[in-house]
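Beneath this line is the structure, given in C-alpha cells, with notes to follow.
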Amino acid sequence: AKYNEELRKPMAFALHNLGSDQSFNEFHLIVCRNVLIYFNKKLQDRVLNLFLASLAEDGFLALGSKESVRFATSSDYFSQINKDEKIWQKSQKI
Numbered sequence: 105a106k107y108n109e110e111l112r113k114p115m116a117f118a119l120h121n122l123g124s125d126q127s128f129n130e131f132h133l134i135v136c137r138n139v140l141i142y143f144n145k146k147l148q149d150r151v152l153n154l155f156l157a158s159l160a161e162d163g164f165l166a167l168g169s170k171e172s173v174r175f176a177t178s179s180d181y182f183s184q185i186n187k188d189e190k191i192w193q194k195s196q197k198i
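Everything in the sequence shown is counted per our numbering, starting at 105 for the first residue and increasing by one.
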C-alpha cells in the first residue's frame, strides 16, 4: 500500500513473528489480510489473542475476505463493523 507521506509520519511499521512474539505496542489499526488462512486453528487463536492484546480500546482489526474472529477464544471481545470488508472493532466483552 502507498500512503501520503504526511499520513505515514505517525505510523509505526515493524517486523513481527506472529507465531512467537508477544504484544509490543498498542495500535489503533491492525491490518492482517489473508494470513490467518495459512495457520492451523491453534495458531489462529494465538494470533487473534495477540491482536486483542495489541489493539487500543475501540481499535480496529482488518482481516482477509475468508478470515474471521468468530471461532477464536477472544471472539467475545470483537464486534464486526463491516461484513463486506471484514473489519472488526475491539470492544468490551459481549
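Backbone N, C-alpha and C define an ideal beta-carbon position, used for all residues, glycine too.
If you're wondering where the values come from, they're calculated on a predicted model, not measured in any experiment.
beta-carbon residue i near the ligand MN non-hydrogen atom, thresh 6 Å
i: HIS120; result: Among the ligands in the structure shown, none appear at all, so the ligand MN cannot be discussed.
Residue i, enclosing alpha helix (DSSP H) - first and last residue
i: LYS146; result: 145 to 158
i: LEU133; result: No alpha helix (DSSP H) holds LEU133; the beta strand (DSSP E) holding it covers 131 to 136.
i: GLU110; result: 109 to 112
Residue i classed as buried or exposed, judged by whether at least 16 other C-beta atoms fall within 10 angstroms
i: LEU133; result: exposed
i: LEU111; result: exposed
i: LYS194; result: buried
i: LEU167; result: buried
i: TYR181; result: buried
i: ALA118; result: exposed
Cross-strand partners of residue i (DSSP beta bridge)
i: LYS194; result: PHE182
i: LEU165; result: ILE134 and TRP192
Reference residue i, options the options, closest by Cα
i: SER127; options: TYR142, ASN153, MET115 and GLU109; result: ASN153
i: VAL139; options: ALA116, PHE117 and VAL173; result: VAL173
Count the CB pairs spanning the stretch 156 to 164 and the stretch 125 to 143 that are closer than 8 Å, and state whether there are at least three.
yes
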